[in-house]
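Peer 1: Heads up, the final residue of the sequence shown is numbered 154 in this note's numbering, and it's a clean run with no missing numbers. This is the structure I have questions about; it appears just below.
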Amino acid sequence: MRVGYGAQDDPVREPGLDLDQLEDGWLPLLRQWMGIAIDTGVVEPNAMTLATVDAQGLPVSRTVLCKGLSEDGVLFFTNYDSDKARQLTAVPYASATFAWIPNAHQVTVRGRVERAGAAVTAEYWSSRPR
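This is the structure we're talking about:
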């Protein structure tokens with residue numbers, strides 16, 4: 025049975041993208057749109073879809089939470105024994121997409137992934153509820 029979702033389209037006015045917004049790179053725009061998402065009450069505004077590839081080269085994506093943004097990149101955490109950690113060890117490149125649907129905003133970043141330093145990792149894991 026085929027189910028159609030075309031009627032679900034909501035007439036959202038897409039704000040468009042002024043390329044001048046990217047003059048200083050991806051980070052200012054991502055911070056700005058993340059702030060708008062927070063201010064407008066988007067649920068989990070730091071959620072992002074992280075895409076990696078598995079051992080067969082097939083894409084794998086899942087939602088994770090961004091825990092920090094800087095010139096160095098997007099910070100997220102995972103267990104070193106998880107599938108995503110193994111995939112990133114084998115192929116240290118990923119793509120992360122932040123989608124704030126109610127605001128008609130979306131940002132995708134991609135690049136090389138590196139483990140955060142031991143101190144950063146320890147601080148994060150010690151802050152987690154037990």
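We treat Cβ as the ideally placed atom computed from N, Cα and C, and that holds for glycine. These numbers were taken from a predicted model, which means no experiment stands behind them.
1. Report yes if the CB atom of Thr121 is closer than 8 Å to the CB atom of Thr64, and no otherwise.
2. Would the stretch 68-82 and the stretch 138-154 be scored as touching if the rule is three or more Cβ pairs under 8 Å?
3. Do you know how far the Cα of Gly49 is from the Cα of Ala128?
4. Exposed or buried, which one is Leu112 when buried takes at least 16 other CB atoms within 10 Å?
5. For Pro83, write down the residues that DSSP places opposite it in a beta bridge.
6. Could you give the residue range of the beta strand (DSSP E) that holds Val98?
7. Report yes if the C-beta distance between Ser119 and Thr102 is below 8 Å; otherwise report no.
8. What did DSSP end up calling Arg134 once you bin it into helix, strand or coil?
9. Measuring CA to CA, which of Leu53, Val84, Ile125 is closest to Val115?
10. With DSSP as the reference, identify every bridge partner of Ala118, one or two as the case may be.
11. Would the beta-carbon of Arg55 fall within 8 Å of that of Leu89?
12. Terminal residues of the continuous alpha helix (DSSP H) containing Ser94?
13. So for Val88, helix, strand or coil by DSSP?
Peer 2: Here's the rundown:
1. No, these two residues do not count as a Cβ contact at 8 Å.
2. Counting Cβ pairs under 8 Å, fewer than three are found: no touch.
3. Straight-line Cα distance between these residues: approximately 20 Å.
4. Taking all protein chains shown into account, Leu112 has 16 or more neighbouring C-beta atoms within 10 Å of its C-beta and is therefore buried.
5. DSSP lists Val77 as partners of Pro83.
6. Here the beta strand (DSSP E) through Val98 covers 97-99.
7. Contact flag unset, no.
8. In the structure shown, the three-state DSSP call for Arg134 is strand.
9. It is Val84.
10. Paired residues: Gly135.
11. For Arg55 and Leu89, no; Cβs fall outside 8 Å.
12. That residue, Ser94, is in no alpha helix (DSSP H); its beta strand (DSSP E) goes 92-94.
13. Val88 sits in a strand when the DSSP states are folded into three classes.
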